[in-house]
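Protein sequences, first through last, are from chains G and W.
Using our numbering, the first residue of the first sequence is number 67, and each one after it goes up by one.
Using our numbering, the first residue of the second sequence is number 12, and each one after it goes up by one.
Don't be surprised by glycine CBs; every beta carbon is placed ideally from N, CA and C.
Right, one structure below, let's go through it.
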Amino acid sequence: MSTEALSAVSNQVMWNRLISVVEEQAQTLVRTAFSTSVREAGDLSAGVYDLDGNMLAQAVTGTPGHVNAMAESVKHFMREIGTDNMFDGDVYITNDPWMGTGHLHDITVVSPSFFKGKMVGYFACTAHVVDIGGRGFGADANSVYEEGLCIPIMKFAERGAVDMGLVKIVRNNVREADQVVGDIYALAACNEIGHRRLVEMLEEFGLETLEPIAEFILENSYRATVERIAALPRKSVTNDMTIDGYSEPIRLCVRLDIEEDHIRADFSGTSGIDKKAINVPHVYTMAYACYALKCAIAPEIPNNAASLSPFRISAPEGSILNAEHPAPVALRHVIGHMIPDTVLGALHDILPGTVPAEGAGSLCNFQLSIRPQSGGNAPADARRAEVLMFNCGGSGARPSLDGMNATAFPSGVMTMPIEATEHTGPVIIWRKELRPDSGGAGKFRGGLGQYMEIGTTEGHEFDFSAMFDRVRHPARGREGGLEGGATRFELDDGTVMRGKGKQAIPPGRIAFLALPGGAGYGDPKERDPDLIARDVAGGYISADAAERDYGYKAKS
Amino acid sequence: MSDPKVRLGVDIGGTFTDVVLEHHGALTTVKVLTTYDAPERAILDGIGQVCTQAEVDASKISSIIHGTTLATNALIERNGAKTALITTKGFRDVIEMRTESRFEQYDLNLKLPDALIDREHRYVLDERMGASGQVLKALKPAEVEALAEEIKAGGYESLAIGLIHSYLNPAHEIMVRDIFAKALPNVTLSLSSEVSPQMREYERFNTVCANAYVKPRMRAYLTRLTEKLAGIGISAPVFLMHSGGGIISLDSASEFPVRLVESGPAGGAIFAAHVAAKYGLDKVLSFDMGGTTAKICLIKAQNPKTARVFEVARTYRFKKGSGMPISIPVIEMVEIGAGGGSLASVDAMRQIRVGPESAGSEPGPACYDRGGERPAVTDADLVLGRLDPDNFAGGTIQLSSSASERALDAHVGQVLQLDTTTAAFGVSEVVDENMANAARVHAVESGEDLSGYVMIAFGGAAPLHAGRLCEKLGIRQMLVPPGAGVGSAIGFLKAPFSFEATRSVYTRLTEFSPPQVKEVLAELKAEAGDFVRSCVADAPVHYEFRAYMRYVGQGWEIPVDLAEDEADAPTAERYQAQFEAAYANLFGRIVDGLDIEITSWAVKGSTAVPQPEKVSVATAGTAARADGARRLFDPASGRFVDARTVERDAFEPGQTMDGPALITERETSIIVPAGFQASMQSDGCLLVTQTTPARAVEPSQMERSA
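In structure tokens, the structure reads:
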């Protein structure tokens, strides 16, 4: 057998191995992290890079938002630190939203990897920490300065020695110091595990550098992606979507141009920067636009510098999708998670029968700040607690499948068990179950949203930091499908609450949430009657809705 | 009269039912086809055959240890009992909403698995326990009685009862059971606080649903089996292998049949642990590769590691998250879609992919010539000279090399412009790498470094790939035991009577209460002991204590083993020291200044198993006589070499053979790569040792002790 043929086989093996190395890197982070967002919800990312800062492999975690945000990030580190100033045992850090992954709560850590005394590449990872100081996680800041501590790109450790000054600064600026510092250490540990596995691989295959395998990976990924793009009709298409925003509705506009070897997605026409913290740095826009295009066009090609490069994303400066410093950006996900539905809606004109109807879009997160009730009559064991929950509405119906009930799309993070949540503070989740009739009717039905009811144990009151959209702009159906149920947020006494921002909940009151449903696909009249009967039997739709939306009468 | 030295092991697998008779130290084995409509038929048939072969009267059998995939299959095929779930109002959809996430990020047409119990069969009660076990909303008996009427009308065979925070306070679940037991005497009941008393409602509810779902069928089957056995004069007690690697009584198994899930693979791990004990090995990687999957398990100190939650019935390429979580004590292993029948293809990136799709037994790999057109791992093995086309399965199946070559050319070679051999090598390398990656990740998750481990390989396809896997993992020695094809059933006979009792009780070390801890552990010890003594009334029971601990704020606990005196006289200081040692071992460094919490507790009670006779390793000896030669592809050098062959039966203890060599047996062949040497041991195990290391590695355990 020729050496070429042999190396073709070992390149195949090494590519697999690198993907397994970054998965291991990510697993280490999940196991050692403190923040619920990382360890329960999987809001993290990990990858390996060559000496030019090209991402070679990335762990498939819960966050498409980190996809190429992190890829760009390593190049910033190379520039800011300087490759001459990099040593074995170094660990670099930042949470600058414009250098990392879009808000201060994401900390990115990069470590150079040395083999036989020479640098061979980098490992990077990102995780969402529980607190970063400032106003706390929420929509209400007026600039990034109010959102917390910003760590510029700098060394967390040099030649293995941690910068204790930085650790002190972090400790003195965040609410949950142990958890945040613990998470930074977990990020450093996860890069270290990646590095160890990489060294083993280089030894096993007798390589001195990553160059040969990098070339193989990037070439094959690029070719495969471009082949997919070339098979598409050369067309230009547009779509727009209006959503709630903070106080004013926001319009997201996209134009896609399919060229022979690339796709351009441009967001001209999109609303300008908002006064409140729902603005999106460009890196995050790129990530979610790329994600949508990859899902529809090249889902099985792994993420790396080359497979992402044919997707060219732009948004006008000063728009909400390219917000510049010092715009507040803490909740960039609420708008950013709407980008995929906007992009997929445009793609529908090019790839009919491929993309789903619109869904809930953004995760329906909230943070509670619980404290003993004021007025001095709180019980002795009353206490303070910060409780963050991730919850999901329904996804849009697909061309040949119903939408998924209470399942995140585009985000891939997980919810937390309510039994675990109730151990983190004096909170009681009285209800968390599917919301009948919230899935948009169609030949294929949208996924159902969910109902939640949230209170506390006796003697507490709390602030509710809401991060919801689709109150006034529910998910829209496709090809005749109807819209999904809109978000509702009220108290048990009927008080209607705002979809975004921190709001006080008086002692004894229960917050009631109806999270949004996904929209339907196709004419409801064409729905298989057996499926309607099943939906009625299971209570996914009421008999009334079956008759109203589907013209279906239950047999009595 | 039964003879205590005659025992029977029975493993019902997907294709075959394996029956192993142990009589005065000798083993006789039989494989018969599984009879799905009435699984006991195959068992009776197998017993008849094995007794005839061994010339032992069936009435001499003193005990039967049984493992089965029937519970697993019922969950995969969804053909269990008509079951309802009774749960807390507001939480009707916990088992359907899962983790609210997608296990595959880029598939727009992802289909989530259906909940085990459909929504119309999920009922709620207006009650609620709090996170400290306090009653937030009391359950009213009248509501339960009214629900019983509704359930009666629904015609259910089985009920799962899962209420929020019942692992802390089961009072409401017990009240439901007491009322239902009177009102619905013919319906089987399962309580989540008994089946799986652990925090996290999704896992606990799913587990109690699975238990309820398989309970009526398993109970009926076990009753039929004992009746049929009595019919042929066997009055021996029947014990069941459970997923945690121990044996429980028939009654326990009928009550908690979900514990039988994955009992076959657990038997395999016990088999490997038994071989490890014979050789005094403390670090073993058990590698079981069959037709569709490979199972990899780490065995330290001759004790397979157990975990508390695993997934059955994965619906999407064996992908994590696509199955049902079951939280019961289970031997921790990874199972991936890599077997002899796994099919190869080339994807859009021009990467070779192998599995998890399998050719199965029909049509089988292309070389079976039964209409299979796509190349399987077995086809690659044939082209690379690892199998003898004329002597496969003892010569009962004639393999077609040309069919293998055609399939490999068409689906791999032509796509990638590779010649047939390179294509076959690519397929083989990819499947080996997949298994090696699974082993590496598993080792990391367990905080282990595999160099210095010894591999124990069994299952039909394992000996063909074990050598290469060793090279990839830096493992220098492997053992291939005899009887490898019925390893699980042999393992059943080596398993202890054991039961692990678990409970979630939150304790922070800063608020540590020694009396409370002592009480929890004492209760668990009593519970585990009672189960074991229900099998053997008078045997001494050995207890293992474990706390699951983490830093406050972390989400993943690590298991921390506790000595018996730490259970009897617990102190916060010693628990902290134990935790920090375990944490540093796993993740490199401890985190200073944080409080530590214990989330749950486990006590395992087990009987002692007779220690096998130690085998002294023989590596130097006379060279065995080769009976032929074959062209064998050598992956390390990338070319064909001349390999000597010898039949396993003709290879005598004390003899050796240097690689490249093939040791042939009826069901499979053992590949001895170049640079390795095989030596036959006195117990029939074949030891394969690396003689010229590819890279510097530490001496293995056997070399150190030698």
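Could you tell me whether the Cβ of residue i comes closer than 8 Å to any Cβ of chain G?
{"i": "E440(W)", "result": "yes"}
{"i": "T110(W)", "result": "yes"}
{"i": "T679(W)", "result": "no"}
{"i": "W567(W)", "result": "yes"}
{"i": "G564(W)", "result": "yes"}
{"i": "Y117(W)", "result": "yes"}
{"i": "E709(W)", "result": "Note on E709(W): pLDDT 42, under 50, position unreliable in the model; the coordinate value appears next. No, because no Cβ of chain G sits closer than 8 Å to the Cβ of E709(W)."}
{"i": "R18(W)", "result": "no"}
{"i": "T326(W)", "result": "no"}
{"i": "D645(W)", "result": "no"}
{"i": "F687(W)", "result": "no"}
{"i": "F27(W)", "result": "no"}
8 Å is my cut-off, CB to CB: does residue i come that close to chain W?
{"i": "Q32(G)", "result": "Because chain G here runs from 67 to 622, residue 32(G) falls outside it and cannot be looked at."}
{"i": "A448(G)", "result": "no"}
{"i": "M67(G)", "result": "Annotation note: pLDDT 48 at M67(G) (below 50); position unreliable, coordinate value reported separately. By this cut-off, M67(G) is an interface position."}
{"i": "D244(G)", "result": "yes"}
{"i": "Y606(G)", "result": "yes"}
{"i": "A362(G)", "result": "yes"}
{"i": "S531(G)", "result": "no"}
{"i": "T192(G)", "result": "no"}
{"i": "V195(G)", "result": "no"}
{"i": "L500(G)", "result": "yes"}
{"i": "T336(G)", "result": "no"}
{"i": "G515(G)", "result": "no"}
Where do the N-terminal and C-terminal ends of the alpha helix (DSSP H) with residue i fall, by residue?
{"i": "P525(W)", "result": "P525 to C546"}
{"i": "H132(G)", "result": "First-last for H132(G): undefined, no H or E at that position."}
{"i": "N30(G)", "result": "Residue 30(G) cannot be examined here, being either before or after the span of chain G that is shown, 67 to 622."}
{"i": "L520(W)", "result": "That residue, L520(W), is in no alpha helix (DSSP H); it is neither H nor E in DSSP."}
{"i": "N84(W)", "result": "L81 to E88"}
Beta strand (DSSP E) containing residue i: first to last residue?
{"i": "N286(G)", "result": "Segment E277 to A296 is the alpha helix (DSSP H) holding N286(G); no beta strand (DSSP E) there."}
{"i": "F432(G)", "result": "N431 to P438"}
{"i": "V689(W)", "result": "The question names Val, but residue 689(W) in the sequence shown is Ala. Here the beta strand (DSSP E) through A689(W) covers F687 to M691."}
{"i": "F377(G)", "result": "F377 to S380"}
{"i": "M560(W)", "result": "V552 to Y562"}
For the putative contact between residue i and residue j, defined by C-beta atoms under 8 Å, what is the C-beta separation to the nearest angstrom?
{"i": "T308(G)", "j": "I316(G)", "result": "7 Å"}
{"i": "V365(W)", "j": "A377(W)", "result": "That pair is no contact at about 14 Å."}
{"i": "D576(W)", "j": "E366(G)", "result": "So it is not a contact: roughly 55 Å between Cβ atoms."}
{"i": "A264(W)", "j": "N222(W)", "result": "A264(W) to N222(W), Cβ: 11 Å. No contact."}
{"i": "P734(W)", "j": "E522(W)", "result": "This structure leaves residue 734(W) out entirely; chain W is present only between 12 and 717."}
{"i": "S254(W)", "j": "R270(W)", "result": "6 Å"}
{"i": "L322(G)", "j": "A227(G)", "result": "The pair is not a contact, with the Cβ atoms about 49 Å apart (cut-off 8 Å)."}
{"i": "A577(G)", "j": "M108(W)", "result": "Contact doesn't hold; Cβ gap of about 19 Å is too wide."}
### Query
Which whole runs of the beta strand (DSSP E) in the segment 523-610 of chain G are 3 residues long or more, in chain order?
Runs found: 526-533, 554-557, 566-571 and 577-580.
### Task
Check distances from the C-beta atoms of the segment 459-489 of chain G to those of chain W and list, in chain order, the residues that come in under 8 Å.
R464, S466, L467, M470, N471, A472, T473, A474, F475, G478, V479, M480, T481, P483, I484, E485, A486, E488 and H489
### Task
Could you run through the segment 84-95 of chain W and flag, in chain order, every residue whose CB is less than 9 Å away from some CB of chain G?
Cβ contacts with chain G: none found.
### Query
Can you list the alpha helix (DSSP H) stretches of 4 or more residues lying completely in the segment 165-246 of chain W, in chain order?
Counting only runs of 4 or more, we get 182-194, 203-206 and 212-242.
### Against chain G: residues of the segment 208-221 of chain W by CB proximity under 7 Å
M210, R211, E212 and Y213
### Task
Enumerate, from N- to C-terminal direction, the unbroken alpha helix (DSSP H) stretches of 4 or more residues contained entirely within the segment 386-439 of chain W.
388-394 and 412-419
### Interface residues of the segment 159-190 of chain W facing chain G [CB-CB below 7 Å]
I175 and H176
### Query
Along the segment 341-365 of chain W, what residues have a CB closer than 9 Å to any CB found in chain G?
D358, A359, M360, R361, Q362 and I363
### Message
Which residues of the segment 115-149 of chain W have a Cβ closer than 8 Å to any Cβ of chain G? Give them in chain order.
### Response
Q116, Y117, D118, L119, N120, L121, K122, L123, D129, R130, E131, R139, G141, A142 and L147
### Query
Taking a cut of 7 Å between CB atoms, which residues from the segment 282-308 of chain G lie near chain W?
Listed in sequence order: N286, S287 and A290.
#### Entry: Residues, ordered as in the chain, of the segment 89-102 of chain G that lie near chain W by beta-carbon distance below 9 Å
Taken in chain order, the members of the segment 89-102 of chain G whose beta-carbon sits within less than 9 Å of a beta-carbon on chain W are E89, E90, Q93, T94, V96, R97, T98, A99, F100, S101 and T102.
#### Entry: Near-chain G residues of the segment 578-596 of chain W - C-beta to any C-beta below 8 Å
none
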